[in-house]
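Report on the following structure.
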Amino acid sequence: MNADDPVGILSGVGPSFAQKLKSLGINTIEDLLLHVPSRHIDFRNKVAISELKIGEDVTIAGQVVSIDNVFTKNGKNIQLAKISDGEHEVDAIWMRQPYLPKILPPGSFISLSGKLSFWGKKRAFVFPVFEKFSEETIHTGRLVPVYPETAGVNSKWFRKKVAEVLHNTQLNDFVDESILGSFSFVNYQTALQKVHKPENIEDFAVGIKRLAFNELLLMQIQWAFKKLWWSENSKSHKLTLTESHLDQFIKSLPFSLTQSQVAAINEVRADIDKPVPMNRLLEGDVGSGKTVVAATGAYATFVNEKKAVFLAPTQILAQQHYETLTRVLGGFNARISLITSEGMVSGLGSHDIVVGTHALLYHEDIVKDAAFLVIDEQHRFGVGQRAKIAKLASRGKANPHILTMTATPIPRTIALTIYGDLELSTLHELPHGRLKTKTWVVPSSKRESAQKWIAEQIEKNGAQVFVVCPLIEESEAESLSTVKAATVEFKRLSKVFSKYSLALLHGRMKAKEKNQIISDFKDKKYDILVTTPVIEVGIDIADATIIVIEAAERFGLAQLHQLRGRVGRSAKQSYCLLFSDTKSKIAKKRLQALTKSTSGKELAEMDLEIRGPGEILGLRQHGAAELKIAHWNDYELIKLSRELAHEVVHDQEKYKKIISYYRKKQVSPN
Ligand code: ADP
Ligand code: MG
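This is the structure in structure tokens:
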């Protein structure tokens with residue numbers, strides 16, 4: 001048998017059975033071998049019948065003394081057998097397998113694995129796994145593999161076929177001995193043996209490690225090819241930012257940069273100084289100061305007399321970036337425009353820097369010759385939208401340098417795997433002098449005293465307060481009922497806080513109205529801003545120090561963390577009050593987590609524990625291939641595979657075997 005043969009060559013695998021296997025991703029003999037067990041049952045403990053104890057997983061070997069089809073009093077069909085090991089006897093019972101007496105007639109030698117338990121008052125092996133005894137058993141007497149199953153293909157089938165295939169197939173390794181040795185990996189064939197027929201648990205781990213490496217290696221080679229292609233086939237404008245220009249820019253800022261910001265700026269600067277497009281992801285917790293890193297890139301673009309484009313997910317955020325960039329770069333005479341669904345705000349005809357929402361996707365003329373493209377809060381855009389803007393920007397003579405930004409703390413290992421074609425910069429720290437936002441969960445019994453405390457904070461410290469009303473419907477978009485709820489809450493709070501001035505902000509207002517309210521709030525014309533979660537992303541009002549989140553249990557952990565990030569943006573102490581009466585254990589855990597930590601990374605780790613990775617990171621949404629054998633947190637393996645992949649694509653002659661295996665396996669490049 002060859003690794004590439006279709007499973008159809010196996011006896012008993014006709015077209016319809018092959019279809020079932022296909023639904024498990026199994027088309028070839030090799031695929032079958034890569035369908036690895038999800039666990040093993042330990043039936044290695046072979047005992048004599050006299051040693052049997054109730055409830056222990058064991059294997060016995062013996063001879064069938066008698067076996068009969070029997071009907072119980074309530075009409076059940078059972079098979080009752082007596083098994084002897086020469087010295088003692090024990091009963092074995094199965095149900096609804098009337099053919100057993102034919103398969104295992106008295107005198108047959110068999111191996112039984114299972115537990116001794118009670119059948120009525122009798123001690124018996126109840127529904128044990130059995131097979132005719134031979135030197136090498138498959139279903140009994142060893143670490144018996146249990147496979148992921150689908151209707152109609154069970155573990156027993158896999159065990160039998162995998163054993164047969166392993167016996168009859170010689171798989172050539174596509175990785176050279178010398179490399180295997182240096183990583184202390186076993187060869188491919190041995191790995192498969194150890195995974196399907198381990199002698200002990202360590203064996204299994206050793207085998208899996210090699211198979212996981214193979215899986216990661218193929219994935220990383222794909223990324224490496226993509227990068228190579230990109231660097232050879234796409235040109236971009238070389239944007240040089242001289243030391244003196246950079247100094248000038250940094251001096252113009254109202255603060256000094258954090259170390260991480262400096263490092264990230266240098267990484268970006270080095271990337272865009274090449275005629276090969278940058279493709280970099282900037283990760284940093286809410287408030288870590290990502291915008292200024294992007295602004296530095298925009299400044300470099302401006303200095304080189306090219307155009308920069310900023311894409312933001314909401315009108316409010318686009319407006320804010322527009323204001324920030326105008327403040328920071330206006331002094332250098334850069335012309336900055338804003339484009340949203342409500343139209344364009346701009347100076348005179350041409351633009352050096354364009355900021356906009358998804359409305360930009362409909363302005364090819366403006367986007368097409370961007371030399372530097374920023375996608376802020378990138379997870380807010382679909383894969384399609386991100387690809388579209390990049391494509392639009394590539395319509396000119398060159399490809400843009402792309403900087404995507406996110407506050408989602410994707411662990412580095414995962415980022416390297418799912419964003420293998422991106423470079424990664426991380427802001428590890430918040431600007432100097434930030435205090436941790438104090439966070440409490442407030443039940444309705446304490447609502448009144450909380451309101452009193454808020455009034456005091458406004459009175460004594462001039463605090464400014466956000467009150468966030470929940471989304472009423474499940475969808476991310478703001479519905480009419482959400483707006484209505486916020487409006488009702490606004491009226492209610494206007495009475496409670498009648499001494500103070502309040503404003504209402506929601507996504508259905510006209511941009512002009514929203515901008516006015518936000519700028520008035522910044523100017524301290526309001527004490528309290530009642531809003532829907534439209535303020536969730538990015539909005540930056542340094543002096544607001546209290547945020548109240550109504551029905552906090554309705555938000556996910558990441559969203560709550562983002563919302564809380566609206567305060568704590570200056571050196572003043574900030575507070576977050578999570579209003580909730582939830583009884584749900586999971587929701588309580590989530591809220592408690594927030595009171596304990598202000599680090600997005602720690603919270604993401606807790607969330608990972610509460611909900612699992614797929615959901616949080618929206619891996620599927622990223623279009624990332626699913627890993628079947630390897631794990632996202634296998635840092636060492638990911639690193640090794642990435643390094644080797646890099647060597648492989650840059651010296652394809654030397655790694656011919658790996659390349660040809662990769663080509664063979666590459667079914668659908670994404
Ligand atoms: P985010 O990473 O969440 O996008 P922003 O870029 O909006 O964060 O920055 C948050 C706030 O911190 C802004 O008001 C910004 O001006 C300010 N800021 C950024 N970097 C620094 C710094 N190094 N020192 C002080 N304040 C800073
Ligand atoms: Mg931001």
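Residue 237 in the working numbering sits at position 237 of the sequence shown; the count goes up by one each step and never skips. Glycine residues also receive a C-beta, built at the ideal position from the N, C-alpha and C atoms. Since the model is a prediction, treat every value here as computed from it, not as a measurement.
*asked:* What residue range does the beta strand (DSSP E) around M95 cover?
replied: Taking the sequence shown and counting its residues from 1, the one referred to as residue 95 is at position 95. M95 -> beta strand (DSSP E) spans 89–95.
_At the level of alpha carbons, what is the spacing between E164 and I138?_
As a working note, residue 164 is residue 164 in the sequence shown. As a working note, residue 138 is residue 138 in the sequence shown. Straight-line Cα distance between these residues: approximately 10 Å.
*When you compare only the Cα positions, how much space is there between L116 and I41?*
Position 116 of the sequence shown, counting from 1, holds the residue named residue 116. Position 41 of the sequence shown, counting from 1, holds the residue named residue 41. For L116 and I41, the distance between alpha carbons rounds to 15 Å.
_Please classify K121 as buried or exposed, where buried requires at least 16 neighbouring CB atoms within 10 angstroms._
The residue given as residue 121 occupies position 121 in the sequence shown. Burial call: exposed.
*Measuring from the CB of K290, is there a heavy atom of the ligand MG at a distance below 7 Å?*
Sequence index remark: in the sequence shown, residue 290 carries index 290 (1-based). Flag set: Cβ of K290 near the ligand MG.
*Rounded to the nearest angstrom, how far is the Cβ of R210 from that of V186, given a contact under 8 Å?*
Along the sequence shown, one-based indexing puts residue 210 at 210. Along the sequence shown, one-based indexing puts residue 186 at 186. The pair is a contact, with the Cβ atoms about 5 Å apart (cut-off 8 Å).
*Under three-state DSSP, which class holds F213?*
By one-based count along the sequence shown, residue 213 stands at place 213. Three-state DSSP puts F213 in a helix.
*D285: beta carbon under 7 Å from a heavy atom of the ligand FAD?*
As for the ligand FAD, it is missing from this structure, which binds only the ligand ADP and the ligand MG.
_Residue nearest to L360 in terms of C-alpha spacing, selected from P533, K397, E429, P313_ = For the purposes of this step, residue 360 is taken as residue 360 along the sequence shown, with counting starting at 1. Closest option to L360, Cα to Cα, is P313.
*Quick one: residues in its chain with C-beta nearer than 8 Å to the C-beta of R554, no 5 flanking neighbours on either side, listed in chain order?*
Residue numbering aside, residue 554 sits at position 554 when the sequence shown is read from its first letter. These residues qualify, in order along the chain: P470, L471.
*Using only alpha-carbon positions, find the residue among Q19, H88, V13 that is nearest to K161.*
Position 161 of the sequence shown, counting from 1, holds the residue named residue 161. Closest option to K161, Cα to Cα, is V13.
*Return the first residue and the last residue of the alpha helix (DSSP H) that A294 is part of.*
Locating residue 294 in the sequence shown gives position 294, counting from the first residue. Where A294 is concerned, the enclosing alpha helix (DSSP H) stretches over 290–303.
*asked:* Suppose the cutoff is 6 Å on Cβ atoms and the five residues either side in sequence are ignored; what does the same chain contact list for A630 look like?
replied: Working through the sequence shown from its first residue, we reach residue 630 at position 630. Around A630: A212, E215, L216.
*Give me whichever residues DSSP pairs with T59 in a beta bridge.*
Numbered from its first residue, the sequence shown carries residue 59 at position 59. Note: T59 sits in a beta bridge opposite K46, S113.
*asked:* Going by C-alpha to C-alpha distance, which of T404, V303, D173, I179 sits closest to A191?
replied: Here the question's residue 191 lines up with position 191 in the sequence shown. Cα-wise, what sits closest to A191 is D173.
*asked:* What residue range does the beta strand (DSSP E) around Q79 cover?
replied: Locating residue 79 in the sequence shown gives position 79, where the first residue counts as 1. Its beta strand (DSSP E) spans residues 77–84.
*Status (buried if at least 16 other CB within 10 Å, exposed otherwise) for G433*: For the purposes of this step, residue 433 is taken as the residue at position 433 of the sequence shown. Result: exposed.
*the ligand ADP heavy atom lying under 7 Å from the CB of P148*: Here the question's residue 148 lines up with position 148 in the sequence shown. No - the ligand ADP has no heavy atom lying nearer than 7 Å to the Cβ of P148.
*Classify Q621 as buried or exposed, calling it buried when 16 or more other Cβ atoms lie within 10 Å of its own Cβ.*
Residue 621 sits at position 621 when you count from the first residue of the sequence shown. A caution first: Q621 carries a pLDDT of 44, below 50, which makes its placement in the model unreliable, though a value can still be read off. Exposed, by the Cβ-count rule.
*Cβ neighbours of F133 in the same chain (closer than 7 Å, five flanking residues each side left out)*: As a first step, residue 133 is located in the sequence shown; it is residue number 133 there, counting from the start. The answer, listed in chain order, is A61, F109, I110, S111.
*If we call anything under 8 Å between Cβ atoms a contact, is I539 one with Y575?*
In the sequence shown, residue 539 corresponds to position 539, counting from 1. In the sequence shown, residue 575 corresponds to position 575, counting from 1. Cβ distance not < 8 Å, so I539 and Y575 don't count as in contact.
*What residues in its chain sit with their C-beta under 8 Å from that of E377, if we drop five residues either side in the sequence?*
In the sequence shown, the residue the question calls residue 377 occupies position 377. Cβ neighbours of E377 beyond the five flanking positions: A312, P313, L317, M405, T406, A407, V537, G538.
*Just checking my contact of A300 with R269 at CB under 8 Å: how many whole Å lie between their CB atoms?*
On the sequence shown, residue 300 is found 300 positions in, with the first residue counted as 1. On the sequence shown, residue 269 is found 269 positions in, with the first residue counted as 1. Contact flag correct, Cβ pair sits at about 7 Å.
_Looking at the ligand ADP, does it come within less than 7 Å of S117, judged from the CB to the closest heavy atom?_
Position 117 of the sequence shown holds residue 117. False, no ligand heavy atom lies under 7 Å from that Cβ.
_Per-residue DSSP class, three states only, for S428_ = Looking up residue 428 in the sequence shown gives position 428. For clarity, residue 428 is His in the given sequence; the question names Ser instead. Coil.
*Indicate whether the contact test is met: 3 or more Cβ pairs, each with one atom in the segment 280–291 and one in the segment 565–580, closer than 8 Å.*
Contact holds: three or more Cβ-Cβ distances are below 8 Å.
*Go through its chain and collect everything with a Cβ distance to V483's Cβ below 8 Å, but skip five positions before and after it.*
The sequence position of residue 483 within the sequence shown is 483, counting from 1. For V483, same chain residues with a beta-carbon under 8 Å away, outside a window of 5 residues either side, are H506, G507, R508, T532 in chain order.
_Cutoff 8 Å; reference T671; Cβ partners in own chain excluding five residues on either side_ = With the chain running from 1 to 670 in the structure shown, residue 671 is simply not present.
*asked:* If you reduce the DSSP assignment to three classes, tell me which class R39 lands in.
replied: Start at 1 with the first residue of the sequence shown, and residue 39 comes out as number 39. The answer is strand: DSSP assigns R39 an E or B state.
*Under 8 Å between the Cβ atoms of L329 and I339?*
Numbered from 1 along the sequence shown, position 329 holds the residue referred to as residue 329. Numbered from 1 along the sequence shown, position 339 holds the residue referred to as residue 339. Inclusion of L329 and I339 in the CB contact set at 8 Å is not warranted, their separation being larger than that value.
*Report the three-state DSSP secondary structure of S66 (helix, strand or coil).*
Walking along the sequence shown from the start, residue 66 turns up at place 66. Looking at S66 - three-state DSSP - the assignment turns out to be strand.
*Would you say the segment 440–447 touches the segment 519–531, given that touching needs at least three Cβ pairs under 8 Å?*
No, because fewer than three Cβ pairs between the segment 440–447 and the segment 519–531 fall closer than 8 Å, the two stretches do not touch.
*How big is the Cα-Cα spacing for T59 and T426?*
In the sequence shown, residue 59 corresponds to position 59, counting from 1. In the sequence shown, residue 426 corresponds to position 426, counting from 1. Each residue's Cα considered, the two are about 54 Å apart.
_Closer than 7 Å to a non-hydrogen atom of the ligand ADP - does that hold for the CB of P275?_
As a working mapping, residue 275 is identified with position 275 in the sequence shown. P275 Cβ: outside cutoff for every heavy atom of the ligand ADP.
*Can you grab the Cα-Cα spacing for the pair F125 / K194, in whole Å?*
Locating residue 125 in the sequence shown gives position 125, counting from the first residue. Locating residue 194 in the sequence shown gives position 194, counting from the first residue. Going by the C-alpha atoms only, they are around 30 Å apart.
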